[in-house]
Amino acid sequence: MPSSSVPPLFPSLRPVNRHPRLPMKRICLLVGATVLLNACSSMMDGTNQTVDDGVDARATRQVGDRSVAARVSIPGADSAGVAAEYPDIWSRIGAGLQFANDYDNARIDEQLAFYRDNPSYLRIVTERASPFIYEIVEEVERRGLPTELALLPIVESAFNPNAVSPGNSVGLWQIGSSTAPTLGLKRDWWYDGSRDPIASTDAALGYLTQLHQMFDESWLLALAAYNTGPGNVRKAIDRNERRNRDVDYWSLNLPSITEDFAPKLIALSRLVATPDHYGMELAEVPNAPVVTLVDVGFQLDLALAASIAGVEPQTLYQLNPGFRQWATHPDGPYSLLMPVEVVETFKNNLQDQGERPNVTWDRYVVQSGDTLSGIARKFRTQVGVLQQVNAISGSRIIAGESLLIPRAYNSANPLAAPNAPVYSASSRETVAPEAPARYQVRSGDSLWRIANRYQISVAEIAQWNQLNPDAVLKPGQVLLLQAGSGLARASNEAAEPAAQSYVVRSGDSLSGIARRFGVTAEDIALWNDIKVGDLIHPGQRLQLAPSEIELN
9 MPSSSVPPLF PSLRPVNRHP RLPMKRICLL VGATVLLNAC SSMMDGTNQT VDDGVDARAT
69 RQVGDRSVAA RVSIPGADSA GVAAEYPDIW SRIGAGLQFA NDYDNARIDE QLAFYRDNPS
129 YLRIVTERAS PFIYEIVEEV ERRGLPTELA LLPIVESAFN PNAVSPGNSV GLWQIGSSTA
189 PTLGLKRDWW YDGSRDPIAS TDAALGYLTQ LHQMFDESWL LALAAYNTGP GNVRKAIDRN
249 ERRNRDVDYW SLNLPSITED FAPKLIALSR LVATPDHYGM ELAEVPNAPV VTLVDVGFQL
309 DLALAASIAG VEPQTLYQLN PGFRQWATHP DGPYSLLMPV EVVETFKNNL QDQGERPNVT
369 WDRYVVQSGD TLSGIARKFR TQVGVLQQVN AISGSRIIAG ESLLIPRAYN SANPLAAPNA
429 PVYSASSRET VAPEAPARYQ VRSGDSLWRI ANRYQISVAE IAQWNQLNPD AVLKPGQVLL
489 LQAGSGLARA SNEAAEPAAQ SYVVRSGDSL SGIARRFGVT AEDIALWNDI KVGDLIHPGQ
549 RLQLAPSEIE LN
C-alpha cells in the first residue's frame, strides 16, 4: 500500500479552473500513485481490427477545444453549460455513469472495502490523474461513452503514465506492444503512442467501443476482453454454452485478475458518485483543464521547449511520456502537452526564437575504418537515425565526410548554433572498443556492464541471445554481440530503448536497482544529483549512465 507521503508525479502543476467553483461540503480526489491495483495484462489477445480514431491522435484533435454540442447528452443538464455546472471532475463523472449501479455482487463489495480501508491510495492516485483526467472525461463524453471508462486508468496503471506491467503493457491504459499497431498507435525509436496520454486514450476508447459491439453491447464483457483478450472471453462463453450455463460476466470462468477487473471499476465509480454514502471524503480535482496540447509544427528538443515555456524540463518529460528521446519525432507528432498557464508564454517566445535551432547537433568527421553501426554506438544513437538525418540510403560512408549527430539541448547555452564544433574520433577521451561477434562472460559481468563496455543496448544483447534483460550471467557463458545486421536496425522498428535510464517501480530501492544493472548506488546517486540515502518513488526516472557523452 503506498504511503500518503509518496511525492506526486507533477508537484508543480495546479489546475486552472476556468469556471466559478460552487461551495462544497465534500472534496473529491481520485487518480495516480504506485501501481497498487494489479497491473493488468491488457489486451493480450488483441484484435486485428484497426481503430481509425486512434491514428495520430495528437495531429487530428486539439485538446481543450472541442465543441460542446459533440458531448454526450446528460439528462437535466443545459448542454451549453455542462463544464461549468459541476464543481469538480468527480461530480461530472458521477452524472454520466451508465452501468455501475446495475449490479449487486460480493466481488464489488470486496473492492469497495479495499478503497474505504485505503484512503491514502486514493489521495496519491488523484494527484497523478489531475493533469489528464479532464481531457479523458472530455473525450469519453465526446464519444457518448459511459463515464465509468474515464476511471479505467486507475485500475490499469494507478494513473501512472510510466507504468509497465509484468507482461510489458505500458502507459495509462496498459497497451501491449503487439496490440499497439492494431490500434493505429505509432511506435518507434523516437515515440511510443502507447505511452502518450492523448493518443493512447483515443486508441483505448476506440478499442473498448469495438469490444462493446463485439460482445452484444455488454460493457462488462467488453472490459473482460480488454483485460484478457477477446479470444479468451469468447472461449469462456463457448464453454458455458456447451454446459448450458449462463454466459454473463459473473458466470464465466475467467482468470482471477479479469474476474476482479470490472468489480474494481464499478466500485470506483460508485465511490466517486456518492462518496458520502460510503463515508469517504475525497479531495477535489476541479472540472477544468490543467494541460493543453500545443502543435509546434516541427521537431523540437524537449529541454529547449521547456526553456522557451519557462518550466522545468522534467515537467515536459512527465507530461509527454510518449516521446522516448530528447526531442519530438522528426516526422511528427510535433505537439506537446503543456500546463495551460504557460501556453501563451511558450507561443510568444517560440515566435521570438526565429531561425535559432530547434534541435541541436554535433558534427563528426568520419575516420578510416569507421562504420555507421560503430558511430551509432559511440554516440548512443541508432543507425537508422544517422541515415535519416544525413540522407544516407545505405551503409556506405567515406573517411573525411562529416555526419550530423543529434544530441540533447544544453540549457546552459540555449542559443548554441546548429553548426557545433567539429569532433574527430581522437578528440574523445574514450572510444568504445568494437564489439566482438562472440563474447565469453567473465566473473562479475552483467548484461549492463557488457552493453556499456561496447556501447550496445541491453535490449539488443538480450534479443540476440534470447535472454531476459534481467538475466543473471554465468562465467564462461558465450554471448552474441553482433547478430548479423542486428546493429543496423531501422529507425522505424519498435526497438526498446537502451538501458540508459530506468523508471522506478513499487518496492524498488537504490541499492536494488544498482545490483540489477551492475552499477553502484553511489554511481546512480551521482548521475541523478541525489544522495544514496534519499527516498525514491514509483514513476521517478533514474539515469543509469552519465547523462551526456563528453566531447573535448
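Here the sequence shown is numbered in the numbering used here, starting from 9 and rising by one per residue. Ideal Cβ positions, reconstructed from N, Cα and C, are used throughout, including at glycine.
8 angstroms Cβ cutoff met for residue i and residue j
| i | j | result |
| --- | --- | --- |
| Ile405 | Val374 | yes |
| Leu455 | Ser509 | no |
| Gly302 | Val241 | Rather than Gly, the amino acid found at residue 302 in this sequence is Val. Result no, Cβ atoms of Val302 and Val241 do not sit closer than 8 angstroms. |
| Ile141 | Val293 | yes |
| Leu229 | Pro154 | no |
| Met346 | Leu327 | yes |
| Gln307 | His337 | yes |
| Tyr123 | Leu276 | yes |
| Gly179 | Arg195 | no |
| Thr209 | Glu135 | no |
| Phe269 | Val163 | yes |
| Ala335 | Leu324 | no |
| Trp198 | Gln333 | yes |
| Val512 | Ile532 | no |
| Ala211 | Thr266 | no |
| Leu380 | Val393 | no |
| Ile587 | Ala445 | What the structure shows of the chain is the stretch from 9 to 560, and residue 587 is not part of that stretch, so it cannot be assessed. |
For residue i, three-class secondary structure by DSSP
| i | result |
| --- | --- |
| Phe387 | coil |
| Phe354 | helix |
| Thr187 | coil |
| Val486 | strand |
| Asn210 | Residue identity differs from the one stated: residue 210 is Asp in this sequence, not Asn. Asp210: helix per DSSP, three-state reduction. |
| Glu371 | First, the residue type needs correcting, since residue 371 is Arg and not Glu in the sequence shown. Strand, per DSSP. |
| Ser435 | Only weak support exists for where Ser435 lies, its pLDDT of 30 falling under 50; the value from the coordinates is given anyway. Three-state result, Ser435: helix. |
| Val511 | strand |
| Asp542 | coil |
| Ser465 | coil |
| Gln326 | helix |
| Tyr94 | coil |
| Asp516 | coil |
| Glu118 | helix |
| Pro283 | helix |
| Gln361 | helix |
| Gln106 | coil |
| Val293 | coil |
| Leu394 | helix |
| Arg79 | Reliability of the predicted coordinates at Arg79 is poor, the pLDDT of 32 falling under 50, and the value obtained from them is presented with this limitation in mind. In this structure, Arg79 counts as coil in the three-state DSSP scheme. |
| Ile400 | coil |
| Ala275 | helix |
| Gly318 | coil |
| Pro205 | helix |
| Ser376 | coil |
| Leu455 | helix |
| Ala443 | coil |
| Ile521 | helix |
| Ala407 | coil |
| Ala470 | helix |
| Gly340 | coil |
| Ala479 | coil |
First through last residue of the alpha helix (DSSP H) which encompasses residue i
| i | result |
| --- | --- |
| Val449 | Taken as a continuous stretch (DSSP letters only), Val449 belongs to no alpha helix (DSSP H), as it is neither H nor E. |
| Asp531 | 529 to 535 |
| Arg100 | 97 to 103 |
Endpoints, the beta strand (DSSP E) within which residue i is located
| i | result |
| --- | --- |
| Gln551 | 549 to 551 |
| Leu344 | 343 to 347 |
| Leu301 | 299 to 303 |
Cross-strand partners of residue i (DSSP beta bridge)
| i | result |
| --- | --- |
| Tyr199 | Phe331 |
| Asp309 | Ala335 |
Entirely within the stretch 214 to 272 and at least 4 residues each: give me those alpha helix (DSSP H) ranges in chain order. Segments of the alpha helix (DSSP H) lying fully in the stretch 214 to 272: 227 to 236, 238 to 250, 264 to 267.
Which complete alpha helix (DSSP H) runs does the stretch 124 to 200 hold, if anything under 4 residues is left out? Unbroken alpha helix (DSSP H) runs of no fewer than 4 residues, entirely contained in the stretch 124 to 200, are found at 127 to 137, 141 to 150, 160 to 165, following chain order.
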